[in-house]
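Okay, so here's the structure we're looking at.
2 protein chains.
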Amino acid sequence: MGDITAQLADIVGGHNLLTGDAIPDDYGHDEELTHPPQRPAYVAKPATAEEVAALLKVATQHQIPVTARGSGTGLSGAALPRGDGLVVSFERMNAVLEVDTTNQVAVVQPGVTLVDLDAATAPHQLRYMVHPGELSSSVGGNVGTNAGGMRAVKYGIARHNVLGLQAVLPTGEIIRTGGKIAKVSTGYDLTQLIVGSEGTLALATEVIVKLHPRLDHSATVLAPFADFDQVMAAVPLIIASGLGPYILEYIDNVTMAALVHTQNLELGIPDQIRDSCQAYLVVALENRTAQRLDEDVERAGELLGELGALDVYVLEGGSARRLIEARENAFWTLKAAHADDIVDTVVPRGAMPKFLAAVRGLATAAGGGAVGCGHAGDGNVHLAIFCADPMARKKLMTDIFALAMELGGAISGEHGLGRAKAPYWRALEDPVKVELLRRIKQSFDPAGILNPDVVFAP
Amino acid sequence: MGDITAQLADIVGGHNLLTGDAIPDDYGHDEELTHPPQRPAYVAKPATAEEVAALLKVATQHQIPVTARGSGTGLSGAALPRGDGLVVSFERMNAVLEVDTTNQVAVVQPGVTLVDLDAATAPHQLRYMVHPGELSSSVGGNVGTNAGGMRAVKYGIARHNVLGLQAVLPTGEIIRTGGKIAKVSTGYDLTQLIVGSEGTLALATEVIVKLHPRLDHSATVLAPFADFDQVMAAVPLIIASGLGPYILEYIDNVTMAALVHTQNLELGIPDQIRDSCQAYLVVALENRTAQRLDEDVERAGELLGELGALDVYVLEGGSARRLIEARENAFWTLKAAHADDIVDTVVPRGAMPKFLAAVRGLATAAGGGAVGCGHAGDGNVHLAIFCADPMARKKLMTDIFALAMELGGAISGEHGLGRAKAPYWRALEDPVKVELLRRIKQSFDPAGILNPDVVFAP
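Residue numbers (the working numbering), protein chains in the order written: chain A, 37 to 494; chain B, 37 to 494.
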């Protein structure tokens with residue numbers, strides 16, 4: 037181990053290598069709820085792709101498991117290290133290298149946070165549109181989990197907004213994939229294979245992301261519904277209307293009450309309507325002119341009324357922003373309420389009513405509860421699971437995931453499998469696919485050093 | 037061979053298996069220009085995924101190279117069979133299985149043509165937006181090549197519009213990937229790995245495609261420019277304007293003259309302007325209301341004027357449609373003019389002026405010519421190469437591709453490598469990536485039976 041420490045320190049410099057008790061607690065966990073923290077053996081903070089490559093060569097040589105870390109805001113435990121492992125922390129590789137207005141892309145290092153990227157692109161009236169709740173998350177983390185978020189209904193997920201990578205293979209080879217180009221049909225798409233691979237195939241050391249024009253005018257419409265099924269039935273019709281919302285969320289009444297209470301939201305909804313409401317739709321619209329936005333908001337209001345909304349509230353700038361921020365913080369609210377686990381399952385949007393009704397039934401039968409909100413336009417359901425008994429909870433989670441898959445969905449829409457959801461996936465997925473993925477993993481990582489507990493069993 | 041014939045006939049039925057001289061010439065080629073046709077040993081026409089699986093098992097058992105065939109409209113030779121090979125033709129698997137309006141997807145068999153899919157979705161006011169020039173192409177072919185086309189600037193390429201697959205592995209195992217869902221983060225994305233793999237990894241037997249609302253109002257604006265560089269400089273500014281064109285093409289003056297001549301186009305452009313024009317921009321806009329469309333067309337006209345257009349023509353319904361159709365048929369026009377090869381290179385859109393100027397210089401130096409048109413919004417350049425001498429042409433093509441890669445682009449934007457462009461790719465690509473792709477190929481196809489001449493050398 038002394039030898040390994042010396043080798044690693046040689047690469048990044050002694051002050052950028054932490055070992056043993058000198059490693060702060062933060063490096064031992066991400067925001068996943070069910071696993072205890074685990075202090076790694078080493079934390080290295082490289083400054084260049086070449087340093088990352090040298091670290092991976094040493095790790096391969098000594099069979100050291102490697103976990104990449106961005107901001108540590110993941111929700112599935114993909115950044116949870118092994119006790120004998122090396123954390124490669126990208127905190128020093130946090131530069132926006134270029135904002136290219138002609139090609140409408142930014143070239144960034146993986147440690148850049150979404151807040152910093154937004155600040156760098158704002159002066160150019162451009163924006164990276166992937167918008168997971170946590171804006172301190174890093175672009176590298178977005179790549180690893182294939183992050184989604186509220187704006188995905190219009191702008192797509194990380195997969196649609198990451199155009200190219202520089203990445204280091206576990207062998208220490210450095211490759212470039214994609215580029216400042218929106219299309220390519222030249223061999224297999226390595227960019228898209230690495231996006232969403234949760235640090236199990238290669239480590240991204242540079243990311244080319246797509247930027248979109250910032251539209252000047254936006255508004256948020258909030259519509260309470262008496263009936264959950266009405267909310268879900270409304271979603272496809274809003275999508276088909278051509279209004280093109282950039283946010284289309286549902287929030288159930290329990291979650292909304294918690295958000296209002298913990299974050300002092302003032303939405304101007306009378307008690308009587310609030311009490312008879314089972315769920316809310318949040319519809320955010322944007323346009324390049326104020327007049328068009330006003331027309332679209334009016335049309336959205338009419339449409340929501342026709343679809344059975346109890347009322348329609350057009351939120352002003354400040355309260356609209358606070359509602360969206362509260363929605364971003366829903367995870368923290370539910371964590372503070374002592375949720376035992378979380379689910380970010382995706383199902384075909386038309387299957388949401390059936391899925392949510394069945395999940396409520398399953399949770400009740402398990403002696404627990406399931407409440408939440410989600411990206412209704414994408415069929416991506418975020419649930420906090422309350423079920424204290426571990427055995428009952430494991431069965432409940434398995435039943436929920438099995439149901440989602442039976443309805444044509446998948447276990448995770450945007451958080452990834454990490455360590456937390458991978459065992460469910462291995463139990464429920466077609467074994468032919470599990471084995472195929474394992475062979476793909478081996479084609480990148482023959483020594484099996486990259487995040488060996490994530491996706492696959494070690 | 038008699039034994040193999042009997043085994044294959046057992047699977048698909050004798051009348052759905054062709055051998056020897058009974059095989060029509062069409063099965064021996066696609067629309068690639070440089071390879072002679074090659075009659076395969078067998079053509080099988082399966083009706084189900086199970087039949088495809090059984091065919092691949094026999095092929096694996098006897099080491100028979102397998103080439104999948106949709107409509108045979110590919111431009112890179114990915115559907116060009118081996119003489120000792122089996123063509124799996126999807127012509128009988130041509131059903132639209134479902135148009136799901138709630139989830140806005142269609143589920144189709146791979147042999148469905150774009151014309152038939154468009155007819156099936158039109159009554160629902162929905163549309164599959166991938167629009168390669170040739171509308172007799174099949175959805176399965178779109179999956180194989182990761183097809184793009186004119187609408188990609190707004191709606192993305194096949195990769196963005198294929199949400200899920202049923203696919204048969206060379207081992208005969210049948211898997212399902214993705215689903216009626218726009219996002220998923222549950223293991224590696226097999227859908228996106230198979231899209232664009234040109235029949236070298238697995239054969240798609242069912243495809244779930246995304247549908248978009250058909251907007252009721254559209255218009256086409258044609259703008260001649262005196263100077264090539266002005267055209268290219270205009271493109272990023274049109275994108276940044278927020279007008280959101282669904283087509284943004286350039287056509288050089290030689291190609292436009294050929295289109296006008298061969299297809300009797302009447303565009304109403306005075307001789308004087310036509311003679312002083314080096315290239316044209318075609319900008320198509322759409323909206324859900326006529327009034328907004330009119331406003332957008334006016335704004336586009338102003339903008340094009342500010343950007344240096346010699347004039348701006350708003351084309352009426354009929355002539356707009358004929359211009360777009362002529363552009364779709366550009367390949368046939370250039371083929372009829374005896375083009376020696378074609379290029380569909382992609383570069384960052386900002387690099388197009390430099391790339392096109394350098395290509396013209398290279399072509400002239402080689403004693404040939406390079407003319408064309410392209411998806412300007414995507415940096416995807418379509419060139420017809422005129423250079424009769426094979427050695428000079430090979431060097432010219434190599435120089436063009438090397439330049440594109442040096443500028444941060446790639447050899448093919450939407451046609452694929454096929455047999456025709458794969459040798460250039462192997463010569464120019466980072467060998468680390470070629471070897472990585474080869475290992476990925478082996479993880480799907482250990483016997484190496486699927487299109488062994490495509491992407492890799494056999």
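The beta carbon of each residue, even a glycine, is placed where N, CA and C say it ideally should be.
Item to complete: Figure out for me which residue from Ile-485(A), Ala-262(A), Val-271(A) has the closest Cα to the Cα of Ala-412(A).
Response: Val-271(A)
Worksheet item: At least one CB of chain B closer than 9 Å to the CB of Gln-202(A): is that the case?
Response: no
Worksheet entry | Contiguous beta strand (DSSP E) assignments of at least 3 residues, all confined to the segment 320 to 386 of chain B | Listed in chain order, they are 349 to 351, 377 to 379.
Worksheet item: Going by the CB atoms, is the gap between Arg-396(A) and Gly-113(A) shorter than 9 Å?
Response: no
Practice prompt. Can you tell me which of the three DSSP states Thr-400(A) falls into?
Written response: Helix at Thr-400(A).
Fill in: Helix, strand or coil at Lys-477(A) [DSSP, three-state]
helix
Practice prompt. Please go through the same chain and pick out, in chain order, the residues whose beta-carbon is closer than 7 Å to the beta-carbon of Asp-62(A), but skip the five residues on each side of it.
Written response: Gly-108
Item to complete: Whole angstroms is fine: what's the gap from Tyr-224(A)'s alpha carbon to His-418(A)'s?
Response: Rounded to whole angstroms, Tyr-224(A) to His-418(A) spans 32 Å at the Cα level.
Item to complete: Could you list which residues in chain B have their beta carbon closer than 7 Å to that of Ile-275(A), in chain order?
Response: Gln-140
Item to complete: Name the residue from Thr-41(B), Thr-236(B), Leu-201(B), Thr-400(B) whose alpha carbon lies nearest to the alpha carbon of Leu-473(B).
Response: Thr-236(B)
Discussion item. Tell me the residue span of the beta strand (DSSP E) that contains Val-243(A).
Written reply: 239 to 246
Fill in: Proximal chain B residues relative to Val-417(A), where beta-carbon distance stays under 9 Å
The contacting residues do not exist; Val-417(A) stays about 11 Å from chain B at best.
Fill in: Three-state class that DSSP yields for Phe-264(B) in the structure shown
helix
Practice prompt. Assign Gly-495(A) to one of two classes, buried (16 or more other C-beta atoms within 10 Å of its C-beta) or exposed (fewer than that).
Written response: The structure shown does not extend to residue 495(A), since chain A is modelled only from 37 through 494, so no value can be given for it.
Discussion item. Looking at chain B, is there any beta carbon in it that lies within less than 9 Å of the beta carbon of Asn-197(A)?
Written reply: Chain B contact via Cβ: absent.
Discussion item. Looking at the strands, I want to know which residues DSSP matches up with Leu-69(A).
Written reply: Leu-69(A) pairs with nothing; no bridge assigned.
Worksheet item: Leu-54(A) touches chain B at which residues, Cβ-Cβ below 7 Å?
Response: Those within 7 Å of Leu-54(A) in chain B number zero; the least Cβ separation is about 30 Å.
Item to complete: Return helix, strand or coil for Pro-249(A), following the three-state DSSP convention.
Response: strand
Discussion item. For the structure I just gave you, are there three or more beta carbon pairs, one from the segment 311 to 327 of chain A and one from the segment 249 to 269 of chain A, closer than 8 Å?
Written reply: yes
Practice prompt. Measure the C-alpha to C-alpha separation of Phe-367(A) and Arg-163(A) and round it to an integer number of angstroms.
Written response: 24 Å
Discussion item. Which residues does DSSP list as the beta-bridge partners of Val-135(B)?
Written reply: Ala-142(B)
Worksheet item: By the 10 Å Cβ neighbour count, where 16 or more other Cβ atoms means buried, how is Asp-46(A) classified, buried or exposed?
Response: It is exposed - the Cβ of Asp-46(A) has fewer than 16 other Cβ atoms within 10 Å.
Discussion item. Between which two residues does the beta strand (DSSP E) holding Tyr-78(B) run?
Written reply: 78 to 80
Worksheet entry | Near-chain B residues of the segment 226 to 255 of chain A (beta-carbon distance less than 8 Å), N- to C-terminal order | Leu-226, Gln-228, Leu-229, Val-231, Gly-232, Ser-233, Leu-237, Pro-249, Leu-251
Worksheet item: If you draw a straight line from the C-alpha of Gly-192(B) to the C-alpha of Asn-130(B), how long is it?
Response: 24 Å
Worksheet item: When DSSP builds the beta bridges, which residues end up paired with Ile-275(B)?
Response: None, per the DSSP bridge assignment.
Practice prompt. Decide if the segment 469 to 486 of chain A is in contact with the segment 444 to 453 of chain A; the criterion is three or more beta carbon pairs, one per stretch, under 8 Å apart.
Written response: Judged by Cβ distances under 8 Å, the segment 469 to 486 of chain A makes no contact with the segment 444 to 453 of chain A, as fewer than three pairs qualify.
Discussion item. With three or more beta-carbon pairs closer than 8 Å as the criterion, would you say the segment 398 to 409 of chain A touches the segment 290 to 303 of chain A?
Written reply: Three or more beta-carbon pairs separated by less than 8 Å link the segment 398 to 409 of chain A to the segment 290 to 303 of chain A, which places the two stretches in contact.
Worksheet item: What first and last residue would you give for the alpha helix (DSSP H) that runs through Leu-439(B)?
Response: 426 to 442
Discussion item. Which residue marks the beginning of the alpha helix (DSSP H) containing Glu-234(A), and which one marks its end?
Written reply: Taken as a continuous stretch (DSSP letters only), Glu-234(A) belongs to no alpha helix (DSSP H), as it is neither H nor E.
Fill in: Residue span of the beta strand (DSSP E) that contains Tyr-286(A), given as start and end
283 to 288
Worksheet item: Got a sec: is the Cβ-Cβ distance from Val-383(B) to anything in chain A below 9 Å?
Response: yes
Fill in: Endpoints, alpha helix (DSSP H) assigned at Ile-40(B)
38 to 48
Practice prompt. Please report how far the alpha carbon of Asp-582(A) lies from the alpha carbon of His-98(A), in whole angstroms.
Written response: Nothing can be reported for residue 582(A): it is not among the residues displayed for chain A, which extend from 37 to 494.
Worksheet item: Leu-122(A) and Val-88(A): beta carbons closer than 9 Å?
Response: no
Worksheet entry | Neighbour list for Ile-30(A) in chain B, Cβ cutoff strictly below 7 Å | Outside the shown range of chain A, which is 37 to 494, sits residue 30(A), and nothing can be said about it.
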